[in-house]
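Some notes on the structure that comes next.
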Amino acid sequence: MIEPPVPPRIVFRALGPGLFGATALTLVHESARRVLKHPPRMDVLGMRSLKKGIRFFGGEPARDRQLHRQTLAADLVSNGLFFSLVALGRPKRPYLRGAVLGLLAGLGAVVLPPWLGLGRAPSQARPSTSLLTVAWYTLGGLAAARATRRLMARSEPSRPLGRPVG
């Protein structure tokens with residue numbers, strides 16, 4: 029059975045929960061980077077990929093802090109778009125979608141960088157680093173699911189509690 033395409037209004041509303049999930053993921057990564065001895069350094073992978081992309085198009089990438097800020101902004105945008113997929117599905121199971129999408133993103137963040145020429149150390153330095161990477165992306169997906177659930181609760185008309193009288 030083919031479903032009709034998603035109306036643009038729904039797509040636009042899905043960006044909010046996606047950005048919420050991306051923000052949660054970025055906050056966890058940045059906080060852990062400052063506290064843990066061997067955190068997953070997804071910011072390093074982001075800087076490497078941003079440099080590669082800018083050089084591919086003939087530009088000169090920024091350096092140090094400015095590059096780090098640009099990478100965080102790019103991470104928020106790209107992860108926000110990815111996690112907005114949580115809000116586009118059927119309204120019954122946003123937590124399942126969030127967990128699956130987060131798990132897939134985390135596994136991709138661990139497995140794909142060597143194949144893309146970005147190195148392996150930031151997400152695979154230790155088994156615990158890989159595990160934390162997958163866990164944090166899953167957390168981002170679940171945060172997007174929570175925001176989706178809140179959005180759906182606000183948009184539904186209020187229903188009376190209990191059984192209807194009569």
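Take the sequence shown: its letters are residues 29 to 194, numbered as in the working numbering.
C-beta: ideal position from N, C-alpha, C; glycine also.
Checklist entry - Where does residue 69 sit, in a helix, a strand or coil, going by DSSP? => result The sequence position of residue 69 within the sequence shown is 41, counting from 1. It is coil, neither helix nor strand.
Next on the checklist: Let's test the definition: count the other Cβ atoms within 10 Å of the Cβ of residue 190 and tell me whether it reaches 16, buried, or not, exposed.
Outcome noted: Reading the sequence shown from its first residue, position 162 is the one you call residue 190. In this predicted model, residue 190 has a pLDDT of only 43, less than 50, meaning its place in the structure is not dependable enough to derive any value.
Next on the checklist: Tell me the DSSP secondary structure of residue 118 in three-state form.
Outcome noted: Residue mapping note: residue 118 aligns to position 90 of the sequence shown, counting from 1. In the structure shown, residue 118 sits in coil (DSSP, three-state: anything other than H, G, I, E or B).
Item to check | Validate contact between the stretch 42 to 49 and the stretch 74 to 86 using beta carbons, cut 8 angstroms, 3 pairs | outcome: no
Next on the checklist: Quick check: what's the CA-CA separation for residue 180 versus residue 86?
Outcome noted: Looking up residue 180 in the sequence shown gives position 152. Looking up residue 86 in the sequence shown gives position 58. One C-alpha to the other measures close to 44 angstroms.
Item to check | Three-state secondary structure assigned by DSSP to residue 112 | outcome: By 1-based counting over the sequence shown, the position of residue 112 is 84. Three-state DSSP puts residue 112 in coil, outside helix and strand.
Checklist entry - Expressed to the nearest angstrom, what Euclidean distance is found between the alpha-carbon atoms of residue 40 and residue 112? => result As a position in the sequence shown, residue 40 is number 12, starting the count at 1. As a position in the sequence shown, residue 112 is number 84, starting the count at 1. Using only the alpha carbons, I get a separation of about 9 angstroms.
Item to check | Euclidean distance between Cα positions of residue 100 and residue 94 | outcome: Locating residue 100 in the sequence shown gives position 72, where the first residue counts as 1. Locating residue 94 in the sequence shown gives position 66, where the first residue counts as 1. Near 10 angstroms, if we compare the C-alpha coordinates of residue 94 and residue 100.
Checklist entry - Which of the three DSSP states, helix, strand or coil, is assigned to residue 41? => result Taking the first residue of the sequence shown as position 1, residue 41 is located at position 13. Residue 41 falls in the helix class under three-state DSSP.
Item to check | Beta-carbon proximity list for residue 104, same chain, < 8 angstroms, skipping 5 on both sides | outcome: Position 76 of the sequence shown, counting from 1, holds the residue named residue 104. So the qualifying residues of the chain are 47, 50, 51, 54.
Checklist entry - What's the gap between the Cα of residue 157 and the Cα of residue 173? => result Start at 1 with the first residue of the sequence shown, and residue 157 comes out as number 129. Start at 1 with the first residue of the sequence shown, and residue 173 comes out as number 145. Going from the Cα of residue 157 to the Cα of residue 173 covers about 24 angstroms.
Next on the checklist: Quick check: is any heavy atom of the ligand FAD less than 7 angstroms from the C-beta of residue 130?
Outcome noted: Ligands are entirely absent from the displayed structure, and the ligand FAD is therefore not among its contents.
Checklist entry - Quick one: what does DSSP say residue 88 is sitting in, helix, strand or coil? => result Stepping through the sequence shown from its first residue, residue 88 is reached at position 60. Coil, per DSSP.
Next on the checklist: Between the stretch 117 to 135 and the stretch 157 to 171, can you find at least three pairs of beta-carbon atoms closer than 8 angstroms?
Outcome noted: yes
Checklist entry - When the Cα atoms are used, what is the spatial distance from residue 62 to residue 123? => result Residue numbering aside, residue 62 sits at position 34 when the sequence shown is read from its first letter. Residue numbering aside, residue 123 sits at position 95 when the sequence shown is read from its first letter. Going by the C-alpha atoms only, they are around 29 angstroms apart.
Checklist entry - Quick one, which of 138, 133, 176 has its alpha-carbon nearest residue 118's? => result Residue mapping note: residue 118 aligns to position 90 of the sequence shown, counting from 1. With distances taken between Cα atoms, residue 118 lies closest to 176.
Checklist entry - What's the C-alpha gap between residue 97 and residue 109? => result By one-based count along the sequence shown, residue 97 stands at place 69. By one-based count along the sequence shown, residue 109 stands at place 81. Near 18 angstroms, if we compare the C-alpha coordinates of residue 109 and residue 97.
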